[in-house]
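Peer 1: In our numbering, the protein residues as written are 2 to 289.
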Ligand code: NAD
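#1: Taking Cβ to Cβ, would you say residue 216 is nearer than 8 Å to residue 149?
#2: Cα-Cα, which of 62, 153, 76 and 60 is closest to residue 225?
#3: Should residue 250 be flagged as near chain C, meaning a C-beta pair shorter than 8 Å?
#4: Go to residue 67, then tell me how far its alpha helix (DSSP H) extends in each direction, as first and last residue.
#5: Cα separation between residue 72 and residue 189?
#6: Please state the DSSP three-state secondary structure of residue 224.
#7: Is residue 142 buried or exposed, if buried means 16 or more other CB atoms sit within 10 Å of its CB?
#8: With respect to 7 Å, is the separation between the Cβ of residue 45 and the closest non-hydrogen atom of ligand 1 below this value?
#9: What ranges does the alpha helix (DSSP H) occupy inside the stretch 240-289, keeping only unbroken runs of at least 4 residues that lie completely in it?
#10: For residue 165, count neighbouring Cβ atoms within 10 angstroms of its own Cβ and tell me buried if that reaches 16, exposed if not.
#11: Pick from 187, 220, 110 and 62: whose alpha carbon is nearest that of residue 176?
#12: Please report the straight-line C-alpha distance between residue 203 and residue 156, rounded to a whole angstrom.
#13: Determine the direct distance from the alpha carbon of residue 65 to that of residue 256, and round the result to whole angstroms.
#14: Looking only at its chain, what residues have a beta carbon closer than 6 Å to the beta carbon of residue 281, apart from the 5 residues adjacent to it on each side?
#15: May I have the straight-line CA-CA distance separating residue 238 from residue 185, to the nearest angstrom?
#16: Use the C-beta contact count for residue 245: other C-beta atoms within 10 angstroms, 16 or more gives buried, fewer gives exposed.
#17: Would you decide whether residue 269 is buried or exposed? Buried here means 16 or more other CB atoms lie within 10 Å of its CB.
#18: Using beta-carbon positions only, say whether residue 42 and residue 132 come within less than 8 Å of one another.
#19: Return helix, strand or coil for residue 205, following the three-state DSSP convention.
#20: Assign residue 136 to one of three DSSP states: helix, strand, or coil.
#21: Is there at least one non-hydrogen atom of ligand 1 closer than 7 Å to the beta-carbon of residue 125?
#22: Taking only heavy atoms of ligand 1 into account, decide whether any of them is closer than 7 Å to the Cβ of residue 264.
#23: Hey, could you find the ends of the beta strand (DSSP E) residue 120 is sitting in?
Structure follows, in structure tokens:
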């Protein structure tokens, strides 16, 4: 006997219900990427690695269609393979977020491939650990270009799309280094301070469009960026100063990002800078 046609569920809680005597295996369809629970698309920059990759995985598991955008083409291929269980609901887009024309083109491509854009995660970023008076102007400008201007360009292009789809949510990735004077973080900290202020202004300006904007401010997270940047003695100092006594796993940041993107769960939260830092900001500052 053929199964009767069935409408796509529009709520997260609808997944996996079987009121038709098992005729539809919704979980299997959902997982294969045949259908998305909420028909909602998310654009994740820096999606090839670390926090961005973990966010993409969490969002796919929550029913989003996800475009992972990154300038690292090989990393993107690896990430797509890691997320293969979600089928066509995860697509990859090569993108340098500092390239204005490329950002516009990627956003248009994403709209075609992942459906209505309702979420953005700005995780693409670069970092540096260098004394104040050794930083070159070119290094400083490059960090601002990727971390601040890149975040702005992606968000601006996304907002244009979201205005046509009825709103959405944006999560920018800031850092505890944008909120405290951490040693070696002159340029990086300045860039993340910029992301924080930009997040607040965006939240105020875009609220009337139904677009919420928040930032997650992680403490040390065990990602490729940090493994390259934190020598063992530095790592030890962080572990002593973070009250929870360890680095975060990227998944611990991703669940918070997914919460802030979810219009059902965080509908009244906008303009917030949410520390996910093991208690670091409550305690103090890195001085060694
Ligand atoms: P990561 O290096 O693992 O991932 C960053 C990704 O961004 C990489 O895949 C990289 O290719 C991509 N990227 C860099 N420049 C880009 C550009 N111009 N265009 C497109 N993609 C670009 O690092 P991560 O630790 O996952 O960092 C993600 C974000 O979280 C960054 O903004 C970082 O500053 C922030 N953050 C990280 C930590 C931490 O401890 N890991 C703490 C606080 C904030």
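Just so it is clear, CB atoms sit at the ideal spot from N, CA and C, and this is done for glycine as well.
Peer 2: On the basis of the coordinates in this document:
#1: The Cβ-Cβ distance between residue 216 and residue 149 does not fall below 8 Å.
#2: For residue 225, the nearest C-alpha among the options comes from 76.
#3: The displayed structure is made up of one protein chain only, and chain C is not part of it.
#4: From DSSP, residue 67 is part of no alpha helix (DSSP H) but of the beta strand (DSSP E) over 66-71.
#5: Here the alpha carbons of residue 189 and residue 72 stand approximately 19 Å from one another.
#6: Judged by DSSP in its simplified three-state form, residue 224 adopts coil rather than helix or strand.
#7: The residue in question, residue 142, is exposed, as its Cβ has fewer than 16 Cβ neighbours within 10 Å.
#8: Relative to ligand 1, the beta carbon of residue 45 is positioned no closer than 7 Å to any heavy atom.
#9: If one requires a minimum length of 4 residues, the alpha helix (DSSP H) runs lying completely within the stretch 240-289 are 251-262 and 281-284, in chain order.
#10: Looking at its Cβ environment, which holds fewer than 16 other Cβ atoms inside 10 Å, residue 165 is exposed.
#11: Restricting attention to 187, 220, 110 and 62, the CA atom closest to the CA of residue 176 is found in 220.
#12: Between residue 203 and residue 156, the C-alpha separation is close to 9 Å.
#13: Spanning the two alpha carbons is a distance of roughly 14 Å.
#14: Cβ within range, chain order: 177, 220 and 243.
#15: Cα to Cα, the separation comes out at about 14 Å.
#16: Looking at its Cβ environment, which holds fewer than 16 other Cβ atoms inside 10 Å, residue 245 is exposed.
#17: Exposed.
#18: No, these two residues do not count as a Cβ contact at 8 Å.
#19: In the structure shown, residue 205 sits in a helix (DSSP, three-state: H, G or I).
#20: In the three-state reduction of the DSSP assignment, residue 136 falls in the coil class.
#21: True, at least one ligand heavy atom lies under 7 Å from that Cβ.
#22: Outside the cutoff, so no.
#23: Unbroken beta strand (DSSP E) run through residue 120: 118-123.
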